[in-house]
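Residue numbers (this note's numbering): 17 to 532.
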């Protein structure tokens, strides 16, 4: 043990002696040091609109006013780990065409005389003007289908000519402009729907091609005319301001020809579809044309109801991922209305899904307007949820509802027992609350032709917002948002602040988009 201690002591003395001998062996010199300012730690930029301009201030301690001694580089790194040198100039001027993913920007300044490099780091948040706002589908002055957007990233931007500059052929008979929403990028699509052709766009560039059609998603054995395979309705819809949908893994597509295709995205490995389900199990070879409505509970699309235009009846589909046909619905004795309309000789006029929860319909009731051979009108209210949808109510529209049978558009409030409808440039509201029926007219809307009525069920249905689109040949399309008052004794429309937009297309439909 003593020998071990002596050895450690000796080693310590040698080390101390070595350090003592090294004193003064190094020749320390001051070097040129840089301080870089004028580069922010983060930037938020709009793809296709913004140019990133940065003019750094470089303070040097010993460069003797010689700027030629420096080399500069601006390097981008994205979350895919890809690197790209975008400039070798001292100052940066860079038009933003980056994908809307996370990016890091490094600024490096190398002193060639010392070989030392100085750097800064910034985070870039890239958005597109198309990632959030109102999608508008309508007609231009020549009667062609045209898509526009009211972008609402920061300030509201009116983005024009989306369809006509997309690379797609011109279309007629516009139907809708829809983002499918959800949280899974691989399942999202941005659809332009018209009766002459429907295509999906690149969600970032807003460009498309005729190959971006529904046919490429089909794996079917049925012989179907491809001219009828244009989607005209898609479910489920967006149900929140953040772009969420109620049912992420299921989707239904209704085509111009009245065929309904359904998928369970996870099971099918993506947005792919088998044979349509608009048929019954007892006649699998016969496809039944469906009316242009997909009826389901907006809060949870576990099933859907559709209307058979051939046999005048409602049918139900509740087997996403496995079902190949739809089910007949049976009527209990004393039902408030029949699912099969053949005996009553009533036909479907219009249908709509809402966030109305009357009767305990947690995820939202649906409504259908029917008429009979005597031109009398009726409203059916039902909960289109599960394999046994529930009938909630039936109403007869009285003669006090002026020109209800001549209406161009209808819209059901989710929070009041009220149907808005328009005839030309006249706007009406009919309160169908039993015992309190009443009709209202709104001359304050003006004299322009009404081209769309739509209650908001996508952004915030609790505000009870009604969007009204009008058109005249001088000022073009106008979109206004109104809120429906809560006083049960009157149906009052109040203009919402900062919610009037002009110079638009002749609007046919409007939808919300919240994500890329």
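Cβ atoms here follow ideal geometry from the backbone N, Cα and C, with glycine treated the same way.
(1) Can you tell me the Cα-Cα spacing of residue 63 and residue 145, whole angstroms?
(2) Do residue 469 and residue 515 count as a contact pair if the criterion is CB distance below 9 Å?
(3) To the nearest angstrom, how far is it from the Cα of residue 37 to the Cα of residue 138?
(4) Helix, strand or coil for residue 232? Go by DSSP, reduced to three states.
(5) For residue 150, name the three-state secondary structure that DSSP assigns.
(6) Can you tell me whether residue 118 is buried or exposed, with buried defined as 16 or more other CB within 10 angstroms of its CB?
(7) Which word fits residue 177, buried or exposed, when buried means at least 16 other C-beta atoms lie within 10 angstroms of its C-beta?
(8) Counting only the same chain and skipping the five closest in sequence on each side, list residues whose C-beta sits under 8 Å from that of residue 120.
(9) For residue 337, which of 383, 277, 72 has the nearest alpha-carbon?
(10) Look at the alpha carbon of residue 248 and the alpha carbon of residue 480, and state the distance between them as a whole number of angstroms.
(11) Would you mind listing the alpha helix (DSSP H) stretches within the region 248-321 that are 4+ residues and don't spill past its ends, in chain order?
(12) Please name the residue, chosen from 285, 404, 302, that lies closest to residue 293 on a Cα-to-Cα basis.
(13) What do you get for residue 51, buried or exposed, if any count of 16 or more other CB atoms within 10 angstroms of its CB means buried?
(14) On a CA-only basis, which of 455, 362, 527 is nearest residue 324? Give me that one, please.
(15) Classify residue 506: buried if its beta carbon has 16 or more other beta carbons within 10 angstroms, exposed otherwise.
(16) Since residue 162 is in the beta strand (DSSP E), which residue starts that stretch and which ends it?
(17) Can you tell me which of the three DSSP states residue 460 falls into?
(18) Should residue 209 and residue 192 be called a contact, given that it needs their Cβ atoms to be closer than 9 Å?
(19) Express the C-alpha separation of residue 88 and residue 486 in angstroms, rounding to a whole number.
(20) Residue 105 to residue 484, Cα distance in whole Å?
(21) Distance, Cα to Cα, residue 61 vs residue 100?
(22) Excluding the 5 residues preceding and the 5 following residue 354 in the sequence, name in chain order all residues of the same chain whose CB lies nearer than 7 Å to its CB.
(23) Give me the Cα-Cα distance between residue 113 and residue 454, rounded to the nearest whole angstrom.
(24) Can you name the residues that DSSP bridges to residue 356?
(25) Apart from the five residues on each side of it in sequence, which residues of its chain come closer than 7 Å, Cβ to Cβ, to residue 111?
(26) With a 10 Å radius around its C-beta and 16 neighbouring C-beta atoms as the bar for buried, classify residue 533 as buried or exposed.
(27) Near residue 309, what residues of its chain come up, given a Cβ to Cβ distance below 6 Å and the 5 sequence neighbours on each side ignored?
(28) Figure out for me which residue from 185, 498, 125, 400 has the closest Cα to the Cα of residue 72.
(29) Which value, in whole angstroms, describes the spacing of the CA atoms of residue 78 and residue 59?
(30) Chain D beta carbons: is any one of them nearer than 9 Å to that of residue 406?
(31) Just the Cα atoms here: how many angstroms apart are residue 517 and residue 452?
(32) Hey, out of 307, 297, 372, whose CA is closest to residue 340's CA?
(33) For residue 7, which residues from the same chain have a beta carbon less than 6 Å from its beta carbon, with the 5 sequence-adjacent residues on both sides left out?
(34) When the Cβ atoms of the region 180-189 are set against those of the region 213-227, are three or more pairs found closer than 8 Å?
(35) Just grab the DSSP bridge partners of residue 109 for me.
Concretely, from the data shown:
(1) Within the chain shown, numbered from 1, the residue matching residue 63 stands at position 47. Within the chain shown, numbered from 1, the residue matching residue 145 stands at position 129. Taking the straight line from one Cα to the other gives about 7 Å.
(2) Against the chain shown, residue 515 aligns to sequence position 499. Against the chain shown, residue 469 aligns to sequence position 453. No; because the gap between Cβ atoms is not below 9 Å, this pair is not in contact.
(3) Walking along the chain shown from the start, residue 37 turns up at place 21. Walking along the chain shown from the start, residue 138 turns up at place 122. The predicted position of residue 37 is uncertain, since its pLDDT is 46 and thus under 50; no value can be drawn from it.
(4) Here residue 232 refers to the residue found at position 216 when the chain shown is read from its first residue. Helix, per DSSP.
(5) By 1-based counting over the chain shown, the position of residue 150 is 134. The answer is strand: DSSP assigns residue 150 an E or B state.
(6) In the chain shown, counting from the first residue as 1, residue 118 sits at position 102. Looking at its Cβ environment, which holds fewer than 16 other Cβ atoms inside 10 Å, residue 118 is exposed.
(7) By 1-based counting over the chain shown, the position of residue 177 is 161. The Cβ neighbour count for residue 177, taken over all protein chains shown within 10 Å, is under 16; the residue is labelled exposed.
(8) For this step, residue 120 is matched to residue 104 along the chain shown. Hits under 8 Å: 92, 93, 94, 137, 138, 139, 140.
(9) Within the chain shown, residue 337 is the residue found at index 321, counting from 1. Comparing alpha-carbon positions, the option among 383, 277, 72 lying closest to residue 337 turns out to be 277.
(10) The sequence position of residue 248 within the chain shown is 232, counting from 1. The sequence position of residue 480 within the chain shown is 464, counting from 1. If I take the Cα positions, the gap works out to 26 Å.
(11) 281-284
(12) Locating residue 293 in the chain shown gives position 277, where the first residue counts as 1. Nearest option by C-alpha distance: 302.
(13) Stepping through the chain shown from its first residue, residue 51 is reached at position 35. With fewer than 16 other Cβ atoms within 10 Å, it is exposed.
(14) Taking the chain shown and counting its residues from 1, one reaches residue 324 at position 308. Ranking 455, 362, 527 by Cα distance to residue 324 puts 362 first.
(15) By one-based count along the chain shown, residue 506 stands at place 490. So residue 506 ends up on the exposed side.
(16) For the purposes of this step, residue 162 is taken as the residue at position 146 of the chain shown. Segment 161-168, the beta strand (DSSP E) holding residue 162.
(17) To locate residue 460, count along the chain shown from 1; it is residue 444. Reduced to three states, the DSSP call for residue 460 is helix.
(18) Here residue 209 corresponds to residue number 193 of the chain shown, with the count starting at 1. Here residue 192 corresponds to residue number 176 of the chain shown, with the count starting at 1. Yes, the pair counts as a contact, with Cβ atoms nearer than the cut-off.
(19) Counting from 1 along the chain shown, the entry for residue 486 is found at position 470. Counting from 1 along the chain shown, the entry for residue 88 is found at position 72. For residue 486 and residue 88, the distance between alpha carbons rounds to 55 Å.
(20) By 1-based counting over the chain shown, the position of residue 105 is 89. By 1-based counting over the chain shown, the position of residue 484 is 468. In a straight line, the C-alpha of residue 105 is about 52 Å away from that of residue 484.
(21) In the chain shown, residue 61 corresponds to position 45, counting from 1. In the chain shown, residue 100 corresponds to position 84, counting from 1. So the alpha carbons of these two residues sit roughly 18 Å apart.
(22) Position 338 of the chain shown holds residue 354. Result list for residue 354: 347, 360, in chain order.
(23) For the purposes of this step, residue 113 is taken as the residue at position 97 of the chain shown. For the purposes of this step, residue 454 is taken as the residue at position 438 of the chain shown. Rounded to the nearest angstrom, the two C-alpha atoms are 55 Å apart.
(24) As a working mapping, residue 356 is identified with position 340 in the chain shown. In DSSP, residue 356 forms a bridge with 329.
(25) On the chain shown, residue 111 is found 95 positions in, with the first residue counted as 1. 67.
(26) The displayed coordinates of the chain run from 17 to 532. Any statement about residue 533 would go beyond what the structure contains.
(27) Residue mapping note: residue 309 aligns to position 293 of the chain shown, counting from 1. Closer than 6 Å at the Cβ level, and outside the excluded window around residue 309, lie 367.
(28) As a first step, residue 72 is located in the chain shown; it is residue number 56 there, counting from the start. Measuring from the Cα of residue 72, the nearest candidate turns out to be 125.
(29) For this step, residue 78 is matched to residue 62 along the chain shown. For this step, residue 59 is matched to residue 43 along the chain shown. One C-alpha to the other measures close to 31 Å.
(30) Given the protein chain composition of this structure (a single chain), no chain D is represented.
(31) The sequence position of residue 517 within the chain shown is 501, counting from 1. The sequence position of residue 452 within the chain shown is 436, counting from 1. Computed Cα separation, rounded: 35 Å.
(32) Translated into positions along the chain shown, residue 340 becomes position 324. Looking at the Cα atoms, 297 is the closest of the given residues.
(33) With the chain represented from 17 up to 532, any question about residue 7 goes unanswered, as that position is not in the structure.
(34) yes
(35) Numbered from 1 along the chain shown, position 93 holds the residue referred to as residue 109. According to DSSP, which records beta bridges pairwise, residue 109 is partnered with 69.
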